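A short worksheet on the structure shown next.
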Amino acid sequence: MKKRFMLMFGFLLLAGLFMTTKAYAQETTDLKVGKVTGSIVNVRTTPSTGGQWVTTLSESCEVLIHGQENSWYKVSYQGNIGYMYAEYLEPRANGEGKYGYAVVTGSFVRIRSIPSTEGIILGTLSEGLNVKVLGVKDGWYKVQYGNVVGFMNPEYLEPIKMIEQPKTSNNTGSKTGSSGSSTKKTSGPSSTAQKIVSTSKQYIGIRYVYGGSSPSTGFDCSGLVTYVFKQYGITFKQRTRLYLDGANVSYNNLMPGDLVFFDSNRNGTIGHVGIYVGNGSFIHAPRPGAKVRIESMTSGFYRNTFVCARRVV
Numbered sequence: 030m031k032k033r034f035m036l037m038f039g040f041l042l043l044a045g046l047f048m049t050t051k052a053y054a055q056e057t058t059d060l061k062v063g064k065v066t067g068s069i070v071n072v073r074t075t076p077s078t079g080g081q082w083v084t085t086l087s088e089s090c091e092v093l094i095h096g097q098e099n100s101w102y103k104v105s106y107q108g109n110i111g112y113m114y115a116e117y118l119e120p121r122a123n124g125e126g127k128y129g130y131a132v133v134t135g136s137f138v139r140i141r142s143i144p145s146t147e148g149i150i151l152g153t154l155s156e157g158l159n160v161k162v163l164g165v166k167d168g169w170y171k172v173q174y175g176n177v178v179g180f181m182n183p184e185y186l187e188p189i190k191m192i193e194q195p196k197t198s199n200n201t202g203s204k205t206g207s208s209g210s211s212t213k214k215t216s217g218p219s220s221t222a223q224k225i226v227s228t229s230k231q232y233i234g235i236r237y238v239y240g241g242s243s244p245s246t247g248f249d250c251s252g253l254v255t256y257v258f259k260q261y262g263i264t265f266k267q268r269t270r271l272y273l274d275g276a277n278v279s280y281n282n283l284m285p286g287d288l289v290f291f292d293s294n295r296n297g298t299i300g301h302v303g304i305y306v307g308n309g310s311f312i313h314a315p316r317p318g319a320k321v322r323i324e325s326m327t328s329g330f331y332r333n334t335f336v337c338a339r340r341v342v
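Numbering (this note's numbering), first residue to last: 30 to 342.
If you want it as structure tokens, here you go:
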């Protein structure tokens, strides 16, 4: 009798664990798309009417849904990420449309023929490259990179803002950089960007120190960038992933003050960052044993390992 009771208890315990796991999975919201049903709907930084305003969406706008907190959906629209009231959004599992762009956050991430790990591998993208988001199917992003259209796991993509290249009357097309995405040319760098370049040059000769983030201790590559930008009130989401901030800029449209990123270890991930100073050169803290300096990125190692650029100011 005791043995039978123990067996029954064990069965019930396993069943309970299974049901708990299943219930938890049901509570986790997969990637979806949604159509705005309100005439003017605000997107906020937090799931509350007290959250700061991010952007305003009009009726019939298509957004990506990344999750839900109580009566609010976490959404992204053209690189703007925030929360909107669930009452004004009609969600669905699959959909196609113009959902903006996303940056690859993993190394050697595969594009597949179908939204499954069983799909044929159409290509592999390295960290920092950008893809155009065409839709969502079965919890996967449908994306385009160059001429390749396929599906990518959303775990390795982050929505970003993108400066689009405007259409021209002669329809000659637009140039693209290593990211495979076109960008807009503007008249020149902002005054803040010019000041950032001037300030960064003050630290030429400061020694490289891994993890260093000030002139007194020394700089590593991201330490130099964050220290200079912070002097102008600009902070970043993650020091180790500065490419998540700003708008994408192609190599051909670089301007002073842009952040430039490199696959310095040639392993499919971004391993180095600097500040573009103009004339094909950038300032950076290169490596142990070296000092902050300006180098060319028009040829050689830094041209060959260039991945992407971001315009923060």
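Each residue gets a CB set at the ideal place from its N, CA and C atoms; glycine is no exception.
For clarity, every value in this text was computed on a predicted model and none was experimentally measured.
How long is the line joining the alpha carbons of residue i and residue j, rounded to whole angstroms?
i	j	result
Q107	G318	42 angstroms
Y53	G96	Confidence at Y53 is low in this model, with a pLDDT of 31, below 50, so the placement of that residue should be treated as unreliable; the coordinate-derived value is given next. Approximately 14 angstroms, taken between the alpha carbons.
I94	V62	5 angstroms
Q267	Y185	16 angstroms
V341	A222	9 angstroms
A367	N109	The structure shown does not extend to residue 367, since the chain spans only 30 to 342, so no value can be given for it.
V343	F265	This structure leaves residue 343 out entirely; the chain is present only between 30 and 342.
V132	P244	31 angstroms
Q217	L283	It is Gly, not Gln, that sits at residue 217 in the sequence shown. If you take the alpha carbons of G217 and L283, they lie about 10 angstroms apart.
G135	Y114	31 angstroms
T269	N123	33 angstroms
S105	R332	33 angstroms
L343	V278	Given a span of 30 to 342 for the chain in the structure shown, any question on residue 343 remains unanswerable.
F330	E91	42 angstroms
S142	Y280	29 angstroms
S219	N159	24 angstroms
V138	F180	11 angstroms
G175	R121	28 angstroms
R295	V336	11 angstroms
P188	Y232	33 angstroms
T146	L154	16 angstroms
With a CB to CB cut of under 8 angstroms and the five nearest residues on each side skipped, what residues in its chain are close to residue i?
i	result
V177	I140, L151 and G152
What is the C-beta distance between residue i and residue j, in whole angstroms, given that I count them as a contact (C-beta under 8 angstroms)?
i	j	result
R322	D287	So it is not a contact: roughly 18 angstroms between Cβ atoms.
Y102	G67	About 12 angstroms; that fails the 8 angstroms criterion.
R236	K127	The pair is not a contact, with the Cβ atoms about 48 angstroms apart (cut-off 8 angstroms).
A314	G262	No, A314 and G262 are not in contact; Cβ-Cβ is about 22 angstroms, not under 8 angstroms.
K224	I312	About 14 angstroms separates the two Cβ atoms, so there is no contact after all.
Y112	G79	Incorrect: roughly 11 angstroms between the Cβ atoms, too far for contact.
Residues in the same chain with beta-carbon distance under 6 angstroms from residue i, minus the five sequence neighbours each way, listed in chain order, please.
i	result
T327	G309
D167	P144
K161	Y130 and Q173
E324	none
P183	L60 and Y170
G234	K320
P76	E98, W101 and Y112
G148	R141 and S142
Name, in chain order, the residues that DSSP records as bridge partners for residue i.
i	result
H95	BP columns for H95 are empty, so no partner.
K64	E91 and E119
N159	V132
S242	F248
A338	V278 and V289
G111	V104
P188	A131
V178	Q173
E147	Answer is none; E147 lacks a bridge partner.
F311	Y305 and E324
L253	Paired residues: none, contrary to the question.
Y237	F248
L271	Its beta-bridge partners do not exist; DSSP assigns none.
L86	V70
R332	According to DSSP, R332 bridges with nothing at all.
I6	The chain is shown only over 30 to 342; residue 6 falls outside these bounds and no answer can be derived.
G124	V165
Once the 5 residues before and after residue i are set aside, which same chain residues still bring their CB inside 7 angstroms of it?
i	result
S293	G300, H301 and T334
S89	K64 and V65
V226	P285, G286, I304 and V306
V238	T246, G247, F248 and D249
W82	N71 and R73
E125	L163, G164 and K171
N200	At N200 the pLDDT is 33, less than 50, meaning the model places this residue with poor confidence; the figure from the coordinates comes in the next sentence. If we look at N200 and ignore the five residues flanking it on each side, it has no Cβ neighbours.
T228	V257 and Q260
I69	T85 and S87
G119	Residue 119 is actually Glu in this sequence, not Gly. Hits under 7 angstroms: G63, K64 and T66.
E156	V133, T134, G135, S136, G297, T298 and I299
G241	G247, F248, D249 and G252
D274	F265, K266, R339 and V341
V254	L271, L288, V302 and I304
R316	Y237
So, does the CB of residue i fall closer than 8 angstroms to a CB anywhere in chain B?
i	result
N109	Among the chains of the structure shown, chain B does not appear; only one protein chain is present.
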